[in-house]
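**Q** Residue numbers (my numbering), protein chains in the order written: chain C, 1 to 349; chain F, 1 to 349; chain Z, 1 to 349; chain D, 1 to 349.
C-beta: ideal position from N, C-alpha, C; glycine also.
This structure is a prediction, so every number in the text was calculated from the model and none was measured.
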């Protein structure tokens with residue numbers, strides 16, 4: 001049984017990323033594309049400048065865009081690819097009006113009753129939806145996915161956290177230009193260059209993980225007790241965030257131990273065979289020079305993260321490099337996987 | 001009074017980098033270009049394919065290249081831009097024959113009686129030359145400079161080490177393609193990509209610093225007691241290595257403390273006004289998005305390192321980003337500055 | 001009925017490009033991978049360094065590589081991805097031994113009895129095989145495809161040539177780095193740069209077209225009477241050659257005329273529904289800023305060329321830009337399409 | 001004797017390019033920086049985001065920006081780096097108020113009484129200033145420089161035009177991203193790509209040359225009788241436009257003839273030793289793979305164009321490649337050289 005879904009902010013680059021996987025999706029029927037008032041009323045192909053390397057799926061271009069208004073949107077789940085400033089008002093309005101909002105925006109991620117979800121990491125946090133509905137008197141709800149850099153880091157840490165505990169993690173990122181949106185990084189800024197700063201990014205990477213790996217006690221999340229320090233950089237790569245991770249674990253572990261728990265890692269989305277869940281959430285490679293964004297970002301249709309160079313650390317316990325597709329696993333694909341889990345475990349379809 | 005200097009390995013990219021600063025140098029007269037037997041006997045312009053963006057200095061092209069043989073070379077100091085495998089035999093042969101070898105090769109850096117020198121960091125290690133001569137029965141000597149990534153990291157840490165002590169340092173590097181030599185990185189490997197591995201690099205960054213910050217006790221170096229963990233990456237930048245540094249200090253310190261000691265840092269090369277010593281070895285910038293390799297690698301004619309984003313760390317004490325020109329401050333310029341210090345303090349000219 | 005095929009030079013980048021389309025091919029069974037003596041005897045995964053963005057197809061890695069020797073190779077058709085210097089001796093040896101050689105090498109392209117083939121352009125040139133066999137006393141034969149830049153230019157000109165005639169053509173190319181092979185272009189050479197020269201390329205573009213558009217008179221090719229002038233440049237693009245074309249036609253024609261004949265263009269491979277023949281050999285786009293290599297190189301699985309900006313020329317009659325995937329339509333895919341045509345029209349299978 | 005000059009549009013990228021050469025200029029004193037009302041009243045360092053690789057010259061940052069209003073600007077010559085839409089009203093207002101406007105904007109280039117000037121090409125067109133003043137009743141005047149791509153093409157053609165005549169010229173350009181201004185080309189648009197279109201560019205290249213090489217008959221310009229056809233492309237290069245040129249001359253000539261007249265070419269700016277005039281306006285190189293933008297854009301401090309690959313053409317007479325720095329010789333430097341010529345020949349200083 002298919003349910004209707006809509007994309008809010010459908011004309012931006014992440015909005016475009018939502019469309020292809022939702023065409024011919026086994027759970028979802030893409031019924032509506034919503035965007036700002038300026039775009040409303042126009043056929044999608046006129047309202048957006050398509051920027052993905054793959055062509056726009058057939059038939060989508062003639063869909064008439066509607067405003068991001070609950071009264072205009074006919075859907076059960078809405079995906080939010082809105083900028084955080086717009087999401088602030090729009091997402092609660094949809095939740096109030098009874099929609100399930102699967103949001104990629106950062107606005108409500110840290111809200112005390114908002115699930116911040118990676119389906120392989122903390123599916124049980126979906127139980128918080130009931131608390132949220134009660135707190136706000138909403139018929140619908142908001143479920144968020146983390147920041148793109150957080151996802152790669154925490155998804156790769158999850159099996160280590162479960163097996164050995166984590167006390168501290170340093171994360172140095174080399175992030176793709178697509179993470180800033182289509183117009184975010186000027187070519188004159190990044191050609192032959194590195195920009196060692198991404199506004200707001202380090203704070204997200206340093207704080208979201210504790211919520212993700214925290215425990216829902218029936219009322220609220222008890223944050224996991226570990227520290228993350230991040231240094232975030234923009235490099236000249238189209239798609240794919242690469243991250244150097246240094247981990248201090250609570251129990252001793254060897255690089256071989258870490259590789260084993262990562263390779264063996266399967267979680268609820270794999271059990272439920274959710275449509276976009278990759279067979280292996282974490283792919284561990286043995287070549288000395290992998291992962292590489294151009295070569296590995298397509299793994300698992302962009303939904304697997306690839307880990308390599310797992311080795312002993314001279315200060316902490318272990319270090320490795322993780323890489324994942326920032327606008328698929330780190331954005332649109334993350335929200336869609338959240339919605340697939342909701343379809344099964346909340347809507348019980 | 002000018003003394004004669006020669007470049008060994010003059011036809012490679014780092015060899016080329018040596019030439020421009022040695023033309024019209026106040027201490028040195030570039031008397032000889034030496035390279036492999038294949039090049040010997042040819043005019044320099046035919047023996048080398050000039051790859052630097054600046055043109056070859058006038059008059060150099062007609063110099064006839066000689067073999068890397070002490071009998072062929074007429075000079076007091078020889079700069080070694082040789083590959084480490086070649087340096088292994090050639091450098092001791094020159095030292096034995098009475099030459100001062102200022103080497104950029106990694107071969108002898110960690111030798112127990114070989115100075116590993118950054119003139120602003122450990123000029124007193126030059127005293128080890130006497131021990132070296134005695135040990136080997138050489139008339140000459142070998143003095144080395146560190147790996148390019150080590151130099152940026154340790155030069156920036158030096159004033160912090162002196163003021164507050166350092167217990168541990170994580171270093172994640174984003175290194176320029178020129179660091180691998182002209183042919184080292186294929187364009188198909190690095191376009192739209194990051195390569196999270198550089199052979200042998202991490203080991204150098206993790207071990208050279210303890211020698212550089214160690215104490216010469218009249219006999220040997222007592223290595224400094226701190227740990228470094230590195231993760232080294234190649235990014236799509238022509239020149240300029242960018243490094244994220246996370247420091248655990250022995251005494252408490254604030255970001256403002258760190259910036260102050262870095263800004264105030266001047267050392268013997270500045271006092272002696274060595275010709276290529278930059279006025280400020282460390283430039284500290286306040287803009288949130290600096291240093292950037294394309295914008296900052298030319299600072300101090302490529303001999304200053306630029307530090308930015310000095311901020312409190314959530315696990316250790318302080319974190320920052322440092323960037324420097326890898327083939328100037330990190331290679332040819334490093335050896336030349338070493339030789340300038342030798343000119344003043346060893347040859348007493 | 002499937003016949004056996006082999007790849008000669010299977011370990012190079014173009015050799016790798018041959019493999020994926022030959023796995024599960026309806027006409028061909030990939031029975032053998034051949035390479036230099038150095039690789040022979042090794043499993044393919046050890047003999048080659050896989051450089052394509054897509055992973056090596058499953059099961060191929062364990063195939064043991066054989067030498068490029070007719071006695072070692074069990075196949076009906078051999079694809080030659082050999083360097084032209086090696087092809088010089090190897091290809092005739094295979095032809096003599098009864099193999100059909102579908103070659104991407106430039107060595108024999110201009111041979112008077114060697115078909116130089118683009119299946120959409122001059123399929124009737126295959127008739128020359130009989131002449132060739134007689135001339136050389138071979139049981140097999142050699143069939144070649146043109147240079148990658150020639151293919152994009154001449155495939156796009158073919159319908160114009162047929163409809164209006166062509167007197168002269170200027171072609172300025174902007175060619176991808178993959179055209180030089182994996183190690184051909186150093187990153188230090190091309191980053192932030194254009195190299196306005198590709199050895200031997202202009203001569204190929206200026207001479208191959210007259211043979212391709214010539215007539216086979218039963219004995220030899222009467223070359224088409226038109227002139228091409230080329231200026232070939234290397235630009236910083238992974239795959240996809242972009243070419244500015246300026247045409248002087250024999251009959252007057254408008255840009256609309258040209259677009260129509262290009263759009264309507266279908267040829268024998270489309271009629272025969274050859275497995276890798278694209279539905280549209282030439283895709284004409286109306287957007288002002290297409291074709292672009294990153295966005296259009298995948299069209300028709302890399303086998304369509306994309307034309308845009310068809311407009312009136314102020315000196316000649318019409319000008320346009322054409323772009324195609326240089327290692328698919330311009331190399332491996334070209335040879336495979338040739339072989340598919342041979343399968344149908346020569347082997348009559 | 002120094003005269004006062006101002007920059008209109010000083011906060012944009014081309015505006016920034018004007019500043020460095022005007023600091024310590026022997027003819028000019030930079031007295032005023034003007035920009036839009038939004039910037040007026042602010043210190044320059046706050047009004048602009050400095051984007052050049054070289055640092056902002058000392059002392060400039062504290063200059064208070066004024067509005068682009070003749071009453072606010074104290075100068076004899078104003079350089080216009082304004083967008084063409086703004087230049088439309090502002091430049092005549094300044095000319096009317098008695099200023100000499102040296103403009104890089106395209107707005108008035110083709111005006112019948114407006115000199116379109118390359119000092120090495122058509123210095124005698126400055127005589128048109130008197131006609132212009134009379135026509136408009138202005139005390140001042142407007143003098144323009146051509147489009148950046150036109151300058152490289154026509155400067156290189158000038159000695160050929162004088163010696164052999166030119167009937168037709170095809171020009172295919174590969175233009176740097178800086179030509180579109182700092183924010184003009186998004187990194188997601190150009191990474192691993194070519195954009196075969198630049199709005200309005202081809203029309204400029206096809207029409208400006210006839211005016212530049214035309215004759216001023218005391219009243220108006222008699223346009224030169226030759227045709228240009230252009231195809232303009234954006235490539236992934238920071239600075240430096242590379243152009244393939246194919247020439248049909250009126251008199252026969254060999255590549256050697258063409259190289260000789262280019263090499264021998266000196267003009268009035270060289271005779272007058274104007275401060276920014278390069279010793280050689282055209283540098284001819286013999287290496288097969290030059291000019292290259294990264295290696296040659298700095299020639300003559302960015303004011304020389306470099307020509308290479310001069311060779312016989314198979315359709316026309318001769319073909320070659322020319323490259324020059326688009327924001328120096330092609331923009332700010334062009335206007336400054338114009339002003340230097342005005343200083344000597346119009347102001348007779």
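Which residue comes first and which comes last in the alpha helix (DSSP H) that contains residue 174/Z?
**A** Position 174 of the third chain, counted from the start, is the residue given in the question as residue 174/Z. Unbroken run through residue 174/Z is the beta strand (DSSP E), 166 to 175; no alpha helix (DSSP H).
**Q** Take the Cβ of residue 254/F as the centre, count every other Cβ of all protein chains shown within 10 Å, and call the residue buried at 16 or more, exposed below.
**A** In the second chain, the residue the question calls residue 254/F occupies position 254. Answer is exposed; the Cβ neighbour count stays below 16.
**Q** Quickly, what does DSSP pair residue 32/Z with across the bridge? List them, please.
**A** In the third chain, residue 32/Z corresponds to position 32, counting from 1. For residue 32/Z, which the question treats as bridged, DSSP gives the partners 6/Z.
**Q** On the CB-based measure, 16 or more other CB atoms within 10 Å of its CB, does residue 250/F come out buried or exposed?
**A** As a first step, residue 250/F must be located in the second chain, where it is residue number 250. Result: exposed.
**Q** Inspect the CB distances between the region 174 to 191 of chain Z and the region 180 to 198 of chain F and report whether three or more fall short of 8 Å.
**A** They touch, by the three-pair rule.
**Q** Distance, Cα to Cα, residue 233/Z vs residue 101/Z?
**A** Locating residue 233/Z in the third chain gives position 233, where the first residue counts as 1. Locating residue 101/Z in the third chain gives position 101, where the first residue counts as 1. Straight-line Cα distance between these residues: approximately 30 Å.
**Q** For residue 141/F, name the three-state secondary structure that DSSP assigns.
**A** For this step, residue 141/F is matched to residue 141 along the second chain. In the structure shown, residue 141/F sits in a strand (DSSP, three-state: E or B).
**Q** Determine which residues of the region 231 to 253 of chain Z have a Cβ less than 9 Å from any Cβ of chain F, and write them out in chain order.
**A** Answer in chain order: 236, 237, 238.
**Q** On the three-state DSSP scale, how would you describe residue 136/C?
**A** Residue 136/C sits at position 136 when you count from the first residue of the first chain. Reduced to three states, the DSSP call for residue 136/C is helix.
**Q** Given that residue 194/Z touches chain A, what residues does it touch there, using C-beta distances under 8 Å?
**A** Among the chains of the structure shown, chain A does not appear; the protein chains present are C, F, Z and D.
**Q** With a Cβ-Cβ cutoff of 8 Å, do residue 276/F and residue 337/F count as a contact?
**A** Against the second chain, residue 276/F aligns to sequence position 276. Against the second chain, residue 337/F aligns to sequence position 337. Yes, the pair counts as a contact, with Cβ atoms nearer than the cut-off.
**Q** Are the CB atoms of residue 181/F and residue 12/F nearer to each other than 8 Å?
**A** What you label residue 181/F is simply residue 181 of the second chain in a count that begins at 1. What you label residue 12/F is simply residue 12 of the second chain in a count that begins at 1. Going by C-beta atoms, residue 181/F is nearer than 8 Å to residue 12/F.
**Q** Using beta carbons (cut-off 8 Å, strictly below), is residue 186/C in contact with chain D?
**A** By 1-based counting over the first chain, the position of residue 186/C is 186. Closer than 8 Å: yes.
**Q** Hey, residue 306/Z and residue 283/Z: beta-carbon distance below 8 Å or not?
**A** Taking the third chain and counting its residues from 1, the one referred to as residue 306/Z is at position 306. Taking the third chain and counting its residues from 1, the one referred to as residue 283/Z is at position 283. In contact: residue 306/Z and residue 283/Z (Cβ atoms closer than 8 Å).
**Q** What residues of chain D sit near residue 53/F, judged by a beta carbon separation below 8 Å?
**A** Locating residue 53/F in the second chain gives position 53, counting from the first residue. Those within 8 Å of residue 53/F in chain D are 294, 295, 298.
**Q** Below 8 Å on the Cβ atoms is my guess for residue 3/F versus residue 77/F; work out the distance and round it to an integer in Å.
**A** What you label residue 3/F is simply residue 3 of the second chain in a count that begins at 1. What you label residue 77/F is simply residue 77 of the second chain in a count that begins at 1. Residue 3/F to residue 77/F, Cβ: 7 Å. Contact.
**Q** How far does the alpha helix (DSSP H) with residue 338/Z in it reach, from first residue to last?
**A** Walking along the third chain from the start, residue 338/Z turns up at place 338. Note, residue 338/Z: alpha helix (DSSP H), 333 to 345.
**Q** What residue from 111/F, 287/F, 93/F has the CA that sits closest to residue 207/F's CA?
**A** Stepping through the second chain from its first residue, residue 207/F is reached at position 207. Residue 207/F has its Cα closest to that of 111/F, out of 111/F, 287/F, 93/F.
**Q** Contact criterion: CB-CB distance below 8 Å. Does residue 328/Z meet it with respect to chain F?
**A** On the third chain, position 328 is the one that residue 328/Z refers to. Residue 328/Z does not count as touching chain F.
**Q** From which residue to which residue does the beta strand (DSSP E) around residue 227/F run?
**A** Counting from one through the second chain, the residue named residue 227/F turns up at place 227. Note, residue 227/F: beta strand (DSSP E), 227 to 234.
**Q** Looking at chain D, is there any beta carbon in it that lies within less than 8 Å of the beta carbon of residue 190/C?
**A** In the first chain, counting from the first residue as 1, residue 190/C sits at position 190. Judged by the 8 Å Cβ criterion, residue 190/C is in contact with chain D.
**Q** Taking only runs that begin and end inside the region 42 to 86 of chain F, name each unbroken beta strand (DSSP E) of 3 or more residues, in chain order.
**A** List check, beta strand (DSSP E) in window: 77 to 80.
**Q** Say whether chain C places a C-beta atom closer than 8 Å to the C-beta of residue 156/F.
**A** Counted from its first residue, the second chain places residue 156/F at position 156. Residue 156/F does not count as touching chain C.
**Q** Just to confirm my understanding: we take residue 221/F, look at its own chain, exclude 5 residues before and 5 after, and list those with CB closer than 6 Å. What are they?
**A** Counting from one through the second chain, the residue named residue 221/F turns up at place 221. Cβ within range, chain order: 211, 214.
**Q** Would you report the Cα separation of residue 297/C and residue 121/D, rounded to the nearest angstrom?
**A** Your numbering for residue 297/C matches position 297 in the first chain. Your numbering for residue 121/D matches position 121 in the fourth chain. C-alpha separation (whole angstroms): 53 Å.
**Q** May I have the straight-line CA-CA distance separating residue 331/D from residue 88/D, to the nearest angstrom?
**A** Within the fourth chain, the letter at position 331 stands for residue 331/D. Within the fourth chain, the letter at position 88 stands for residue 88/D. Computed Cα separation, rounded: 18 Å.
**Q** What does DSSP give as the partner residues of residue 311/F in its beta bridges?
**A** Within the second chain, residue 311/F is the residue found at index 311, counting from 1. Answer is 319/F, bridged to residue 311/F.
**Q** Residues in its own chain within less than 6 Å of residue 8/D by CB, not counting five upstream and five downstream?
**A** The count along the fourth chain starts at 1 and reaches residue 8/D at position 8. Within the same chain, residue 8/D has close Cβ partners 34, 68, 78, 80, 82.
**Q** Please name the residue, chosen from 133/Z, 96/Z, 98/Z, 99/Z, that lies closest to residue 114/Z on a Cα-to-Cα basis.
**A** One-based indexing of the third chain puts residue 114/Z at position 114. Per the Cα distances, 133/Z.
**Q** Sort out for me which residues DSSP pairs residue 242/D with in a bridge.
**A** As a first step, residue 242/D is located in the fourth chain; it is residue number 242 there, counting from the start. Residue 242/D pairs with 174/D, 323/D.
**Q** Take residue 159/D and list the residues in its own chain whose beta-carbon comes closer than 6 Å to its own, dropping the five residues that flank it on each side.
**A** Stepping through the fourth chain from its first residue, residue 159/D is reached at position 159. Here the set comprises 261, 262, 265.
**Q** Could you check whether the Cβ of residue 289/Z sits closer than 8 Å to any Cβ belonging to chain D?
**A** Taking the third chain and counting its residues from 1, the one referred to as residue 289/Z is at position 289. Chain D contact via Cβ: present.
**Q** Against chain D, with Cβ distances strictly below 8 Å, would residue 227/Z count as a contact?
**A** For this step, residue 227/Z is matched to residue 227 along the third chain. So yes, residue 227/Z belongs to the interface.
**Q** Confirm, please, whether the CB-CB distance from residue 151/D to residue 334/D is below 8 Å.
**A** Locating residue 334/D in the fourth chain gives position 334, counting from the first residue. Locating residue 151/D in the fourth chain gives position 151, counting from the first residue. Cβ atoms of residue 334/D and residue 151/D: closer than 8 Å.
**Q** Less than 8 Å between the C-beta atoms of residue 229/F and residue 319/C, yes or no?
**A** Locating residue 229/F in the second chain gives position 229, where the first residue counts as 1. Locating residue 319/C in the first chain gives position 319, where the first residue counts as 1. Contact: yes.
**Q** Less than 8 Å between the C-beta atoms of residue 98/C and residue 139/C, yes or no?
**A** For the purposes of this step, residue 98/C is taken as the residue at position 98 of the first chain. For the purposes of this step, residue 139/C is taken as the residue at position 139 of the first chain. Result yes, Cβ atoms of residue 98/C and residue 139/C sit closer than 8 Å.
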